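In the numbering used here, the protein residues as written are 127 to 415. Yeah, the Cβ is synthetic: ideal placement off N, Cα and C, and Gly gets one too. Quick caveat: nothing in here was measured; it's all calculated off a predicted structure. Single-structure report; data block below.
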Ligand SMILES: [Fe+2]
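In structure tokens, the structure reads:
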């Protein structure tokens with residue numbers, strides 16, 4: 127490339143950078159200047175062709191068109207590019223003793239039903255019944271009574287309720303921890319699943335020669351006054367996809383045994399006829415600094 131060409135390209139970048147000089151928010155200025163620098167640097171580095179630019183615009187347009195209030199292709203895109211996990215890592219540095227965070231994912235919905243302590247979030251979701259219990263604590267060990275626990279998961283076919291036709295609500299709900307921070311609920315044992323690959327993110331993965339699978343997991347969002355909100359999953363120990371999660375979300379401390387039993391009596395005293403699973407997992411929140 128000639129010096130002239132390099133100078134012409136740099137002049138474009140400089141003018142765009144300068145166009146943000148009067149932004150009232152210093153943070154906005156900082157973020158946009160960095161975004162422009164990296165975006166232009168990327169285009170220069172790969173010598174972006176007009177056809178590639180067209181393809182990228184068409185791709186992002188498809189991501190937008192397929193997104194609605196039950197399908198979030200932009201979060202999925204962020205997830206498979208590892209941006210979600212990177213952002214989680216930047217914002218939740220391992221805080222001594224707190225449960226580690228992982229991706230939020232695209233399947234949370236705002237108005238999940240409240241269930242009583244010990245209730246059932248399955249609500250018709252297919253799968254082996256699974257009893258989940260533990261204690262919500264602060265990192266100093268004190269229990270957090272009244273903490274709000276949201277849980278959501280796939281059924282045994284690997285689908286979330288929002289992936290079915292109609293307004294099904296199953297495999298999700300929220301409850302409050304009891305007076306000693308204890309929580310317990312019934313659900314189904316989650317299954318490994320392929321992320322939705324019938325849209326633009328599926329095309330991206332196929333073009334990259336990548337898989338689509340996520341190891342089985344139960345999602346948690348836990349909030350308590352004075353504490354940082356915990357967004358995490360508990361992964362099923364032994365799942366064959368633990369090492370190749372398409373969204374890079376697995377952390378060793380989040381892998382736990384979902385012990386399976388045949389009949390007998392569950393921890394809540396209920397007699398069980400067939401197979402059921404049992405997870406014990408304590409949730410530890412970091413205080414707000
Ligand atoms: Fe998930």
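message: Less than 8 Å between the beta carbons of residue 277 and residue 247, yes or no?
response: Between residue 277 and residue 247, the C-beta spacing is below 8 Å.
task: Note down the Cα distance separating residue 225 from residue 261, rounded to an integer number of angstroms.
output: Cα to Cα, residue 225 sits roughly 12 Å from residue 261.
query: Sorted by chain position, which residues of the same chain lie with C-beta nearer than 6 Å to residue 412's C-beta, five sequence neighbours on each side aside?
result: Cβ neighbours of residue 412 within its own chain (closer than 6 Å, five residues either side excluded): 221, 224, 265, 354.
query: Do residue 330 and residue 359 have their C-beta atoms within less than 8 Å of each other?
result: A distance of 8 Å or more separates the beta carbons of residue 330 and residue 359.
message: Could you give the first and the last residue of the continuous alpha helix (DSSP H) run that contains residue 200?
response: Start and end: 199-206.
task: Confirm, please, whether the CB-CB distance from residue 320 to residue 338 is below 8 Å.
output: Cβ atoms of residue 338 and residue 320: closer than 8 Å.
- request: Check whether the Cβ of residue 160 lies closer than 7 Å to any heavy atom of ligand 3, and answer yes or no.
  value: What this structure holds is ligand 1, not ligand 3.
- request: Just mark residue 371 as buried or exposed, buried being the case when its beta carbon has 16 or more other beta carbons within 10 Å.
  value: Residue 371 comes out buried.
query: Looking at C-alpha atoms only, which residue of 403, 215, 367, 350 is the closest neighbour of residue 263?
result: Nearest option by C-alpha distance: 350.
- prompt: In three-state DSSP terms, what is residue 153?
  reply: Three-state result, residue 153: helix.
task: For residue 282, collect the residues of the same chain with a Cβ closer than 6 Å to its Cβ; drop the 5 residues on either side in sequence, then sort them by chain order.
output: The answer, listed in chain order, is 252, 253, 317.
message: So, at 6 Å on beta carbons, what are the nonlocal neighbours of residue 299 in its own chain, with the 5 sequence-adjacent residues on each side left out?
response: Excluding residues within five positions, the ones whose Cβ falls inside 6 Å are 238, 239, 241, 247.
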